Amino acid sequence: MIKVNDLHKSFGDLEVLKGIDAEVKEKEVVCVIGPSGSGKSTFLRCMNHLEEITSGDVVIDGESLRDPKVNINKLRSQVGMVFQHFNLFPHKSVLENVTLGPIKVKGISKEEAEKSALELLAKVGLSDKADVYPKSLSGGQKQRVAIARALAMNPKVMLFDEPTSALDPELVGDVLQAMKDLAIEGMTMVVVTHEMGFAREMGDRVIFMDEGIIMEEGPPSQIFDDPQHPRTKEFLSKII
Ligand code: ADP
Ligand code: MG
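Every letter in the sequence shown is one number past the one before it in UniProt numbering, and letter 161, counting from 1, is 161.
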């Protein structure tokens, strides 16, 4: 579903991604871990074309982000993204947040968009919040709206960038549960997270990033119980 070939990304003189090769298969859940500043967010943002790639390539379901003939807006609508800080539209109701993309970008009728938005809100446990504004929601509720909003575009892949890092601990569980439900349904997912429990339970594969490269990757059992690279060992010893 996703193929990343020798991806490099620089900001001016600062080379942040130094040659990433990765593959994500359909229905796979790949968790990305690593220290702050290692390039995890930049990696996700390149996969969604929120950042221009410096060299190398990202191919989503057979379409290259660097192919000048590819419609980037269409491609982007197929790659849903959920951010640490939710990024909801504050002056729109929950229902409007979820229906805006499908109506504006996909040209779906308001009626149809609302029907599927209400189904998605039910799925993330927020049926009763359709008509409220983001400011009256908890962080966990906002993040579940953000997940519903991304799903409303009917993406082929979902990217999550530390979706629970900004939440109070007691609110993390509901968001992780919504992500687990999605994984069980067979969504292809790339999840940058510090929730090692989630990575161990739901990850088909774990990628350890450090200093702009993939230092190590493997099944959760290998990464967490028998890490091979000294940097992986050091990182895990600090956080677990
Ligand atoms: P992580 O998500 O692993 O913490 P990031 O991808 O956010 O890492 O950042 C990696 C490095 O890239 C950091 O040194 C950060 O300062 C730098 N960086 C990220 N975005 C930009 C940008 N838009 N302009 C300049 N430097 C950036
Ligand atoms: Mg980050």
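Backbone N, C-alpha and C fix where the C-beta goes; we use that ideal spot for every residue, glycine too. This structure is a prediction, so every number in the text was calculated from the model and none was measured.
Ranked by Cα distance from residue 200, the first of 138, 126, 226 is 226.
Taken through DSSP and simplified to helix, strand or coil, residue 153 comes out as coil. Non-local C-beta neighbours of residue 9 in its own chain, meaning closer than 7 Å and more than five positions away in sequence, comprise 16, 17, 42, 46, 51, 53, 54, ordered along the chain. Judged by DSSP secondary structure, residue 108 falls outside any beta strand (DSSP E); it is assigned neither H nor E.
Distances from the alpha-carbon of residue 71 to those of 59, 99, 81 put 59 closest.
Positions of the alpha helix (DSSP H) runs, each at least 4 residues long and wholly inside the region 24–53, are given as 40–47 in order along the chain. Approximately 7 Å separates the beta-carbon atoms of residue 121 and residue 98; this is inside 8 Å, confirming the contact. The straight-line gap separating the alpha-carbon atoms of residue 229 and residue 192 is approximately 20 Å. Scanning the region 74–127 from its first residue to its last, the whole beta strand (DSSP E) runs of 3-plus residues come out as 79–82.
Comparing C-alpha distances from residue 112 to each of 96, 123, 125 shows the shortest one belongs to 96. Within the model, the alpha-carbon separation for residue 222 versus residue 86 is close to 32 Å. Taking C-beta separations shorter than 7 Å and ignoring five residues to either side along the sequence, the partners of residue 220 in its chain run 199, 200, 203, 206, following chain order. Relative to the Cα of residue 79, the nearest Cα in the group 184, 161, 117 belongs to 161.
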